[in-house]
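Going down the list, the sequences are from chains V and G.
Position in the first sequence counted from 1, then plus 12, gives you our numbering.
Position in the second sequence counted from 1, then plus 306, gives you our numbering.
Even glycine gets a Cβ: it sits at the ideal position worked out from N, Cα and C.
What follows is a single structure, written as C-alpha cells, with notes after it.
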Amino acid sequence: MSANTEGGRKRSWFSILTMTFLCLLWTVPTLGLLVSSFRPRIDIERNGWWTALFNFFDTTWTTSNYSNVLTQKDMAGSFVNSIVVAVPATILPIMFAAFAAYAFTFMSFRGKDVLFVLIVALMVVPIQAAFVPLLTLLGPDGLDINGEYLAVWILHTGFGMPLAIYTIRNYMSTLPRTVIESAKIDGATHFQTFWRLIVPMSVPVLAAFAILQFLWVWNDLLIALLFLGSGDKSTVIVNLASLLGTQGQGAELLTAGAFISMLVPLLVFFGLQRYFVRGLTAGAVKG
Amino acid sequence: MASVTYQNAERLYPGSTKPAVDNLNLEIQDGEFMVLVGPSGCGKSTSLRMLAGLEEVTNGKILIGDRDITHLPPKDRDIAMVFQNYALYPHMTVADNMAFSLKMAKVGKEERMQRVAEAAKLLDLEDYLERKPKALSGGQRQRVAMGRAIVRHPQVFCMDEPLSNLDAKLRVSTRTQIAALQQRLGITTVYVTHDQVEAMTMGDRVAVMKDGILQQVDTPLNLYDRPANLFVAGFIGSPAMNLVQAKAGEGAARIGEYEVPVDRTASSKMRGAITVGVRPEAWRITTKEEGGMPVKVTVVEELGADAYVYGTSGVEGTPSDIVVRIDARKNLHKGEMIYVTTDPNHVHVFDTESGERLSE
Chain V
13 MSANTEGGRK
23 RSWFSILTMT
33 FLCLLWTVPT
43 LGLLVSSFRP
53 RIDIERNGWW
63 TALFNFFDTT
73 WTTSNYSNVL
83 TQKDMAGSFV
93 NSIVVAVPAT
103 ILPIMFAAFA
113 AYAFTFMSFR
123 GKDVLFVLIV
133 ALMVVPIQAA
143 FVPLLTLLGP
153 DGLDINGEYL
163 AVWILHTGFG
173 MPLAIYTIRN
183 YMSTLPRTVI
193 ESAKIDGATH
203 FQTFWRLIVP
213 MSVPVLAAFA
223 ILQFLWVWND
233 LLIALLFLGS
243 GDKSTVIVNL
253 ASLLGTQGQG
263 AELLTAGAFI
273 SMLVPLLVFF
283 GLQRYFVRGL
293 TAGAVKG
Chain G
307 MASVTYQNAE
317 RLYPGSTKPA
327 VDNLNLEIQD
337 GEFMVLVGPS
347 GCGKSTSLRM
357 LAGLEEVTNG
367 KILIGDRDIT
377 HLPPKDRDIA
387 MVFQNYALYP
397 HMTVADNMAF
407 SLKMAKVGKE
417 ERMQRVAEAA
427 KLLDLEDYLE
437 RKPKALSGGQ
447 RQRVAMGRAI
457 VRHPQVFCMD
467 EPLSNLDAKL
477 RVSTRTQIAA
487 LQQRLGITTV
497 YVTHDQVEAM
507 TMGDRVAVMK
517 DGILQQVDTP
527 LNLYDRPANL
537 FVAGFIGSPA
547 MNLVQAKAGE
557 GAARIGEYEV
567 PVDRTASSKM
577 RGAITVGVRP
587 EAWRITTKEE
597 GGMPVKVTVV
607 EELGADAYVY
617 GTSGVEGTPS
627 DIVVRIDARK
637 NLHKGEMIYV
647 TTDPNHVHVF
657 DTESGERLSE
C-alpha cells in the first residue's frame, strides 16, 4: 500500500490520511466561526453552523455582520490602537532579549549561570498572579502610567523576555564560536559584533520569535483590558469582547470581528515567514 | 622589528591543577616561521591563542617586539589569525570579509579597497570578491581566511591548523603556497599543527610540545638529527624512529645478544636501562656472521623509490617492532629473516627513565 517514494522511504497512505484528517479536525472551529460570520443572528441562534453548510443554497447568507462591526463600533480606531500596542511590544522585548542572549552566550561575567536560571525560572510565573502588584506599581500610587500605552509596552516586554532570552540564547549558542573570536581579533567591539555579525546570523530565530510575540500581544485580552481599559485606547480584542452583551447579544458581530482581527497576524506571519531560512551560517566554518 | 617572546608564560584553566601551558619560554625571531607541533592536548593551540589574546595568560609575559602585550585586547596586539575552520563571516562577500578588520580600524574606503585588491591578487581570489563564502570551495575559503589576515599588514600571523580541513592533495600544495607567501611578506608567523610533516616542511624552526611543556625548539633538521628526548625522537619522523629497550654495556648498548655501537659521549653517560633509537634509514643490512641484529620480516611496504620493512627483532626478552628502509629493488618477503646493523653516529641513546638524550 504505497505510492511514490520520497527520500528513499515509502510514503504510507495511512500517514497521509491521518495527517489530512487531523488537519481538517483542527480547522473545524475556525470553519464554524467563518460560516457563522456570514449568517444572520437569528439563524445562528436557531441551529448550528453545520446545518448552513449542509443546506448551502437554502441558507440566507449575509455580509452585514462585517459591515456592522466595522461601522457600529470604532473598529478602525481599535485597529490602530492594537498596532500601536503590538509593534513596540514585539520589537522591544526582542531587542532587549537579543542583547541579553548575546551577553549570556558570548560574554563571561560573575553570576552568569545563576542569572540565566533565574530568568528561565521566571517563565513559570503565571502572569495573572503578577497583575495585582503590577496594577499598584503602575497605578496612581506608583508610576501612574496606568492607561498609557507605555504601561502595556513595559508589561509585554517584561512577560515576553524570559522565553525570548531562552530561545534566542539557545540559537546563538549554536553559532560558530570562532567567528566571534575572529571578530574580536578583527577589532570589533561587542556592539559591532552584535549588530554586524550576530543579528544577521540570528535572523531566523528573531523572525520566529517576532511572530510568536506579535500573535501573543495582538490576541491578548487581559493585559490590554486591565492596563489600557476599554476606552478610546482599547485594542481590537478588547473592543471585540465588549461587543458581546451579557445575554449573548452581539455574538454574530464577534464572529465577523474575529475574522477581521485575524488579518493582521496573518500578514505578519506571511511577511516574516520568508526569513525562516536554514543554512544562514553556511560557509562560515568548515562543516 | 617584530619578534615574539614568551617569558615563563602559563595558562591555568580555572578548576584545573595542571596548567595547559606550563612555563613556556620561546623566542621567535623577526620574520621567522615558527611551527608549534605536538599531539592533541599538548597546549600548542592554547599557546597560540594566548599570543592572539583569546586566552588569558595566568602567569608570565608575552612580548611582541619589546611591547608587553600580555594583557592587551586582541585588536591592539597587531596580529592576525587564521582559524582551523576559517571562521568567515557567512553573510558577507569575500571582499567584505577581508575588509572587515580595516573597517573596524576605520581605514578609509579607498585604501580598504586597494588593500583587499592587493591581497586578492596575491591569493588568486580576484574573481570571487563578490561571492559569499558558501559559494566557495574549501581551498578558496581557506585563501579568504588567509586574505583576511594579510590585508591587515600585521606584525604577527597566528595560524591555527589552517590546513587540516583541506583534502590531502590540496593540503600539500597549499602548504608550499603558505610557506612561500610568508617568505615573501616576511611577517613573523606562529603556526600550529599536529602534523609533524607539515611542521618539518614549513617551519624555519619547530617547537615540539607535550603536556603543556616545551620539549625542544630547533630547525627541522636538527630536531630530526638530534632529538632532545624520547618524546621528540618518537614524534618527529615518519615512519618513526625505532626505539628499542637496551642495557648499558661497555662502549655499546646491549639488545639481547646484539651489541649496538654507541658514540663516546653516550657510552660515558649511560647507566642501566637505556633506550636506543635508530632511524629506519640508518640501518644497514648485513649477515648473521657479521653480528647483525636478527629481524623477522612481517610486512614490506614498497613505495617505488624505496621500501620499508616492518619486522620483529628476534631478541629474547624484548621482541620489539623494527622498521628498516631498504632499496626497493631488494626482494624481501614476509617471513624472511634479515640481519641489520648501524653505525655509532646514527645511534641515539636515551635514558629510559628520564627520557633524556645521552648521546652527543
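Span separating the alpha-carbon of residue i from that of residue j
i	j	result
residue 582 (chain G)	residue 378 (chain G)	47 Å
residue 471 (chain G)	residue 486 (chain G)	20 Å
residue 218 (chain V)	residue 99 (chain V)	14 Å
residue 408 (chain G)	residue 608 (chain G)	52 Å
residue 145 (chain V)	residue 40 (chain V)	40 Å
residue 248 (chain V)	residue 287 (chain V)	27 Å
residue 649 (chain G)	residue 345 (chain G)	31 Å
residue 276 (chain V)	residue 267 (chain V)	16 Å
residue 222 (chain V)	residue 46 (chain V)	27 Å
residue 591 (chain G)	residue 584 (chain G)	14 Å
residue 589 (chain G)	residue 629 (chain G)	9 Å
residue 134 (chain V)	residue 171 (chain V)	9 Å
residue 573 (chain G)	residue 615 (chain G)	29 Å
residue 598 (chain G)	residue 578 (chain G)	22 Å
residue 450 (chain G)	residue 376 (chain G)	28 Å
residue 381 (chain G)	residue 197 (chain V)	5 Å
residue 384 (chain G)	residue 461 (chain G)	6 Å
residue 453 (chain G)	residue 393 (chain G)	13 Å
residue 120 (chain V)	residue 321 (chain G)	16 Å
residue 423 (chain G)	residue 430 (chain G)	10 Å
residue 21 (chain V)	residue 30 (chain V)	18 Å
residue 284 (chain V)	residue 220 (chain V)	8 Å
residue 464 (chain G)	residue 441 (chain G)	26 Å
residue 180 (chain V)	residue 73 (chain V)	47 Å
residue 396 (chain G)	residue 444 (chain G)	14 Å
Close-in-space but distant-in-sequence residues of the same chain around residue i (CB under 8 Å, 5 per side omitted)
i	result
residue 576 (chain G)	554, 559, 568, 655, 657 and 664
residue 209 (chain V)	191, 192, 195 and 200
residue 270 (chain V)	45, 49 and 252
residue 297 (chain V)	188, 190 and 191
Coarse secondary structure for residue i, derived from DSSP in three states
i	result
residue 672 (chain G)	One cannot answer for residue 672 (chain G) here, as it falls past the ends of chain G, which runs 307 to 666.
residue 430 (chain G)	coil
residue 138 (chain V)	coil
residue 400 (chain G)	helix
residue 271 (chain V)	helix
residue 249 (chain V)	helix
residue 631 (chain G)	strand
residue 652 (chain G)	helix
residue 310 (chain G)	strand
residue 241 (chain V)	coil
residue 382 (chain G)	helix
residue 13 (chain V)	Legend: pLDDT at residue 13 (chain V) = 43, less than 50; position of this residue unreliable, value from coordinates given subsequently. DSSP places residue 13 (chain V) in coil when its eight states are reduced to three.
residue 605 (chain G)	strand
residue 370 (chain G)	strand
residue 584 (chain G)	strand
residue 600 (chain G)	strand
residue 193 (chain V)	helix
residue 637 (chain G)	coil
Cβ shell of residue i (< 6 Å), same chain only, five flanking positions each side left out
i	result
residue 56 (chain V)	48 and 264
residue 139 (chain V)	171
residue 518 (chain G)	325, 326, 327, 328 and 349
residue 281 (chain V)	223
residue 131 (chain V)	174 and 177
residue 432 (chain G)	426
Contact set for residue i: own chain, Cβ-Cβ below 7 Å, skip 5 residues either direction
i	result
residue 101 (chain V)	164, 165, 168, 169 and 229
residue 538 (chain G)	514, 521, 522 and 529
residue 355 (chain G)	361
residue 543 (chain G)	530 and 585
residue 96 (chain V)	161
Contact test: residue i Cβ vs the ligand ZN heavy atom, cutoff 8 Å
i	result
residue 504 (chain G)	Ligands are entirely absent from the displayed structure, and the ligand ZN is therefore not among its contents.
Are at least three pairs of beta-carbons, each pair with one atom in the stretch 521–532 of chain G and one in the stretch 380–389 of chain G, less than 8 Å apart? no
Just list the alpha helix (DSSP H) runs in the stretch 46–86 of chain V, keeping only unbroken ones of 4 residues or longer that don't cross its boundaries, in chain order. 53–58, 61–66 and 76–84
Does the count of Cβ pairs from the stretch 490–497 of chain G and the stretch 334–351 of chain G closer than 8 Å reach three? yes
Does the stretch 60–76 of chain V come into contact with the stretch 115–132 of chain V, if we say contact requires no fewer than three beta-carbon pairs (one atom in each stretch) closer than 8 Å? no
Which runs of the alpha helix (DSSP H) spanning at least 4 residues fall entirely within the stretch 458–542 of chain G, listed in chain order? 474–491, 502–508, 526–531 and 536–541
Is it true that the stretch 410–426 of chain G meets the stretch 323–335 of chain G, where meeting means three or more beta-carbon pairs spaced less than 8 Å apart? no
Ignoring anything shorter than 4 residues or poking outside the stretch 156–189 of chain V, list the alpha helix (DSSP H) runs there in chain order. 161–184
Please list the segments of the alpha helix (DSSP H) lying wholly inside the stretch 537–574 of chain G, counting only runs of 4 or more residues, in order along the chain. none
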